[in-house]
Amino acid sequence: MFRSQVASAARAVATSRGFATAAPVAATARNHKVVVIGGGTAGLAISHQLLRSGRFVKDDIAVVDPAIWHNYQPGWTLVGGGLKTREQLRQPLAGLIDPKLKFYNESVGTFSPEENFITLGNSNKLNYDHLVVAPGITLNFGSVKGLSEALAAPDSNVSTIYSYDTCSKVFPTIEKLQKGSAIFTQPAGVIKCAGAPQKIMWLALDYWKKAGLYDPSNPAGSAIKIAFATGTPSMFGVPKYNAKLEELRKERGVEGLFQHDLIAIDGKKATFARPNGESSVTREFDLLHVVPKMGPHAFIKNSALANEAGYVDVDDGTTRHKKFANVWSAGDASSLPTSKTAAAVTAEAPVLVQNMLRAMDGKEPDATYDGYTSCPLTTEYGKVLLAEFKYGGVPKETFGEWFGIDQGTPRKEFYYLKKHFFPWVYYESMVSGKWGGPKGTALAFNPLGRIDHHLRRQPLVQFQIPSTSGRLLSRRSSRLSRNQAVCRAYPEPLWPFRHHAPSSATGWTVLCPSATKRYLTMLKSAADPCRLVSRRLVSNLDHVRLDLLEGAWIPPMTTGPDISEHMGRLGMETVRDTFTLAGREWPKVTWWKMKGMRFVYLTLWAAMITSATNGYDGSLMNGLEALDEWNESYNHPEGATLGLLAASMSIGSILAIPVVPYVADICGRRFGVVIGCVIMLFGVVMVSIGYKIALFVVGRIILGFGLGIAQECSPLLVTELVHPQHRAVYSTIYNSLWYVGSLIGAAVALGTSKIHGSDWSWRVPCLLQGVPSICQLIFIWMVPESPRWLISKGKLAEAKKILAYVHAQGDEDDELVNIEFDEIQQTLALEKQLEGNGWSELWSTPGNRHRSIILITIGFFSQWSGNGIVSYFLPKVLALIGIEDTHKVLSINLGLNALNVVSATGICFFVDKIGRRKLFLTSVVGMIACFVSTTIGLARFPHGPGGADDHAGNAVIAFIFLYYIFYNIGFSGLLVSYSSEILPYRLRAKGLTLMFFCVALSLLFNQYVNPIALLHIEWKYYIVYCVWLLFELFVVWKFYIETRRTPLEEIAKFFDGDRAIVGGAAATEKVHELVTVQTRNGDESEKGPTVSTEVR
36 MFRSQVASAA
46 RAVATSRGFA
56 TAAPVAATAR
66 NHKVVVIGGG
76 TAGLAISHQL
86 LRSGRFVKDD
96 IAVVDPAIWH
106 NYQPGWTLVG
116 GGLKTREQLR
126 QPLAGLIDPK
136 LKFYNESVGT
146 FSPEENFITL
156 GNSNKLNYDH
166 LVVAPGITLN
176 FGSVKGLSEA
186 LAAPDSNVST
196 IYSYDTCSKV
206 FPTIEKLQKG
216 SAIFTQPAGV
226 IKCAGAPQKI
236 MWLALDYWKK
246 AGLYDPSNPA
256 GSAIKIAFAT
266 GTPSMFGVPK
276 YNAKLEELRK
286 ERGVEGLFQH
296 DLIAIDGKKA
306 TFARPNGESS
316 VTREFDLLHV
326 VPKMGPHAFI
336 KNSALANEAG
346 YVDVDDGTTR
356 HKKFANVWSA
366 GDASSLPTSK
376 TAAAVTAEAP
386 VLVQNMLRAM
396 DGKEPDATYD
406 GYTSCPLTTE
416 YGKVLLAEFK
426 YGGVPKETFG
436 EWFGIDQGTP
446 RKEFYYLKKH
456 FFPWVYYESM
466 VSGKWGGPKG
476 TALAFNPLGR
486 IDHHLRRQPL
496 VQFQIPSTSG
506 RLLSRRSSRL
516 SRNQAVCRAY
526 PEPLWPFRHH
536 APSSATGWTV
546 LCPSATKRYL
556 TMLKSAADPC
566 RLVSRRLVSN
576 LDHVRLDLLE
586 GAWIPPMTTG
596 PDISEHMGRL
606 GMETVRDTFT
616 LAGREWPKVT
626 WWKMKGMRFV
636 YLTLWAAMIT
646 SATNGYDGSL
656 MNGLEALDEW
666 NESYNHPEGA
676 TLGLLAASMS
686 IGSILAIPVV
696 PYVADICGRR
706 FGVVIGCVIM
716 LFGVVMVSIG
726 YKIALFVVGR
736 IILGFGLGIA
746 QECSPLLVTE
756 LVHPQHRAVY
766 STIYNSLWYV
776 GSLIGAAVAL
786 GTSKIHGSDW
796 SWRVPCLLQG
806 VPSICQLIFI
816 WMVPESPRWL
826 ISKGKLAEAK
836 KILAYVHAQG
846 DEDDELVNIE
856 FDEIQQTLAL
866 EKQLEGNGWS
876 ELWSTPGNRH
886 RSIILITIGF
896 FSQWSGNGIV
906 SYFLPKVLAL
916 IGIEDTHKVL
926 SINLGLNALN
936 VVSATGICFF
946 VDKIGRRKLF
956 LTSVVGMIAC
966 FVSTTIGLAR
976 FPHGPGGADD
986 HAGNAVIAFI
996 FLYYIFYNIG
1006 FSGLLVSYSS
1016 EILPYRLRAK
1026 GLTLMFFCVA
1036 LSLLFNQYVN
1046 PIALLHIEWK
1056 YYIVYCVWLL
1066 FELFVVWKFY
1076 IETRRTPLEE
1086 IAKFFDGDRA
1096 IVGGAAATEK
1106 VHELVTVQTR
1116 NGDESEKGPT
1126 VSTEVR
């Protein structure tokens, strides 16, 4: 940014800085807490991050820079490649600077670090408490003899992407060259972005290749010859990426002129210096792209701040000056030994800001910069090699860490980041201090949020503050944001509350926005003793501006109401920000910030898409029934024949019932999915190749058998692997993916319906049913095995390692991991002592009988709520209202499935907020209303006054769509998740098998009986389901319990009371008593198991 505006590269050499200016007659001095030299990437990012810390008011921070424009310099490569214009990549500097920052549009004359002031070019002085030096580096066009003149000549083919004035010349020279020698140079020494010199070379090569002027397989016979002349000994300084780039150079036939440092240009001749006293080399060229040498500005180099090389001499880790403790530097001007890129600033700036703020409080720096930098190397139009590394040339790859992607391979996705995302995020977030590089958006200022961040604490209880009218505060009713309109209670006396209590004391720290002081006053009277702390006492809490807060400390309450009840007396609503495990509250985690959890959650789809396979089949049958080619292949099946074709898959699922629990418990959850997928693929092949009904039926039976195995093992793996906090959401999403498969099936059927007169119109959809299984077989190995299954098999070390990896970023000593691990071990051991007699255990106790009633009914209700008519026989239903056009039927099918995806997935995130019982009741009541309305519409369509009633037909379609919204509220996602959470570990496989058996039975009935009933009694068949839904409402109201926000280990108490096994020391003692009593009375064998549990 420290560059005057010039008309040409030649003028830029002579007046690249405006620091040596004449002094005015009078000079003034101004005082600032922080002075930032530089309005470039580093200067703007640092000054805005300081401002966002909340520690500074208007004009506390000053920014000094003589430039008028701010350029996104990494984008000049795109300009050179003809992908953007230079005007798109610049903005007025003044417009990027926050009004609360004082902007001096001046150059810097001298530094006086001993006296803590700088002198501007106009002789004014700026006094500072802390100084940030980030002016970047300057281009030295004079380092290459004849370069300035060549750049200024409009007819020369000499250009460079390294300045605003010359970058627009690069692409026209590439376009103009039709034959001859093209040389791309890179100097020895420090430059901005060490990969940029070859980025433009790769783009030019790709352009000439597409234009037919260059053949990588035959460079000698091409019209254009390409050479890369670099003053360095290799293509790139990081070994991993150098190896790939050297491979590309050789593959593409680029001549490598290593340790060739350009020193002179004379017409069409370029002269290169050679090391170790070797003679210089002169090469002729027809196109020359030059990278000039670069170095520190003179006003830095000649100051007391510089090291021998002329860069600001700072510590490699803290960015603090080695001699002057209140001087800091980042970006290109610093001595940090890393590649000088904008990406490096994203990591340097937060370190500098945190360390400076600590220094202001008299503390030592504690943040360390590891040398992170990045270079998106464009290797052709459409592909980028995203190099990310730290000190020592060690790769530090963001996408490699998150997704296991090798960034040493050029990829299309990285190209879009380089071309579109990086320029956008630069101006939208980075220069305003809101972008943290690979870490994403920087922490926005929020006093309470910053307490959590800086103290590394999480509140265990949060309270929403009501307004005076009783409504919760919102942006309309208060100046506070929703996040700030919250009181937080921390489970210990935080500083500075500790001076109110002994150092060993425990208690609650409550912090609220200062606007709610009256609530804290009320709290003091409600919770005696309570110590209030004024704003004055908490205003300097570890880098956090807390003058917007009031605080109170409450000692532990051994009797009476807890903290939540005290706050509730004030009208404050508890905001849950925790989850419960083993009777304790634990702070919630953010899954995408934890490496192991992030990786497992993103790969867990390999287990979850089993449900999509099932959904695909439901939509597939609707699609096949609407296709004339399929009907012709199987002689237009109707009634019992059509029912058999549809029901055959359910027959296979029923046949799998006896084997499924043993596969899940003996082979493991993950391998069970593999077995099911292999079997399904055999069934897919048989269904797709046959013409005879018998082959179609047998193929679907095999398909259903494999699905029966996979669809039980998959939810077990999901439920037992995810973090306790996310279990309800993920297990609910699992079954909701049924509609994702159904939507795909509907879209495929609609697409292939246009293949007229060919069997491929129905064979393609049948073949594609095997795609999810193939994907599962490939990717399921990336998903860890269930730790509960591993513990049950005695593989303790492996189980604990998986628990730690998924739940605690690999820390096997983490308290949560140890509690989970111990609880699983104890519960499994107790269950083994009380193990019952196989399947009979499902009804051997009152608690288990209650569970079995829920499992059986939820299995039947999930298919006997009327949805079975539409799911598999939509064409028959639509025919009742006169819709028989194939395209229209398939379009309605597609729209219905799209609605189902949105509604079923959306409700998953409200399971814990609304509650399971409320969702089930809402679902059934809504289905009753819709089904009755649909029945009336169907009755009126053919028999209404005056004949067919189009309005009634339209109403039927509308109520079918509305019906599915209500169905999805209760029975879509909760089918598996609710069934899983009410079952203890030892019964989970058998219990889910029972539930899926009921699902399969109801499906078999639906798929066989429904087409017969629709054929003979038509709309009157709907009346049966209207009556049945009333029965469902009674059962749900009577038997379905609420498990909302209840730890899984405590759900057993709803069924078994005090005799529930819940793990942990207290529960273990209780169960041992039960075992002892039963054994002493000699009735253990008669009663069977009398306790039940849930394992986390």
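When we follow this note's numbering, the leftmost residue of the sequence shown carries the number 36, and every step to the right adds one.
From the three backbone atoms N, C-alpha and C, an ideal C-beta is built for every residue, glycine too.
Rounded to the nearest whole angstrom, the C-alpha separation of V937 and H671 is 34 angstroms.
One thing to note: A782 has its Cβ no nearer than 8 angstroms to the Cβ of E383. Taking 3 residues as the shortest admissible run, the segment 84-136 contains the following complete beta strand (DSSP E) segments, listed from N- to C-terminal end: 96-99, 104-106 and 125-127. Residues V380, A384, M465, V466 and G468 of the same chain have their beta carbon placed closer than 7 angstroms to that of A80, with the five preceding and five following residues left out of the count. CA-to-CA, the gap between S777 and L802 works out to about 15 angstroms. A contact is defined here as three or more CB-CB pairs under 8 angstroms, and the segment 741-749 meets this definition with respect to the segment 687-701. Beta-bridge partners assigned by DSSP to Q221: T265.
Contact annotation: V347 and P148 have beta-carbon atoms that are not nearer than 8 angstroms. DSSP places P1046 in the helix class (H, G or I) of the three-state scheme. For M329, DSSP records a beta bridge to L174.
Taking the CA atoms as reference points, V168 sits about 37 angstroms from L292.
Taking C-beta atoms as the reference points, R318 and I235 fail to come closer than 8 angstroms.
For W363, there is no enclosing alpha helix (DSSP H); the enclosing beta strand (DSSP E) has its first and last residue at V362 to S364.
Distance between T754 and P807, taken at the CA atoms: about 20 angstroms. Taking the Cα positions, K358 is about 26 angstroms away from S88. Between D100 and N140, the C-beta gap is smaller than 8 angstroms, which places the two residues in contact.
Under the criterion of beta carbons closer than 8 angstroms, K447 and G417 qualify as touching, at roughly 6 angstroms. Spanning the alpha carbons of D652 and T444 requires a straight line of approximately 38 angstroms. Residue state for H165 is assigned as strand, using DSSP reduced to three classes.
Fewer than three Cβ pairs drawn from the segment 725-732 and the segment 807-827 lie within less than 8 angstroms of each other, which leaves the two stretches out of contact. Separation of L659 and L785 (C-alpha to C-alpha, rounded to the nearest whole angstrom) is 10 angstroms.
Shown here, K469 sits in coil according to DSSP, grouped into three states, outside any helix or strand. P411 sits in a strand when the DSSP states are folded into three classes.
Per DSSP, the unbroken alpha helix (DSSP H) holding H922 starts and ends at T921 to I942. In the DSSP assignment, A305 falls within the beta strand (DSSP E) that extends over K304 to A308.
With contacts defined by Cβ atoms closer than 8 angstroms, C202 and I209 do not form a contacting pair. If you compare the alpha carbons of D200, Y407 and P411 with that of V429, the shortest gap goes to Y407. In this chain, the alpha helix (DSSP H) harbouring N277 covers P274 to E286. Per the coordinates, the alpha-carbon of L655 lies some 7 angstroms from the alpha-carbon of P800. For W640 and L716, the gap between their C-alpha atoms comes out near 19 angstroms. Taking 8 angstroms as the cut-off, the Cβ atoms of Y1060 and F966 count as close.
One thing to note: T921 has its Cβ no nearer than 8 angstroms to the Cβ of I1017. At least 8 angstroms separates the beta-carbon of A661 from that of V991. Only residues of its own chain outside the window of five on either side were considered, and among them S685, S688 and I689 have a CB closer than 6 angstroms to the CB of A1035, listed in chain order. Taking a C-beta distance under 8 angstroms as the contact criterion, P254 and G288 qualify as a contact pair.
Inter-segment contact for the segment 1061-1070 and the segment 932-948 is absent: fewer than three beta-carbon pairs are separated by less than 8 angstroms.
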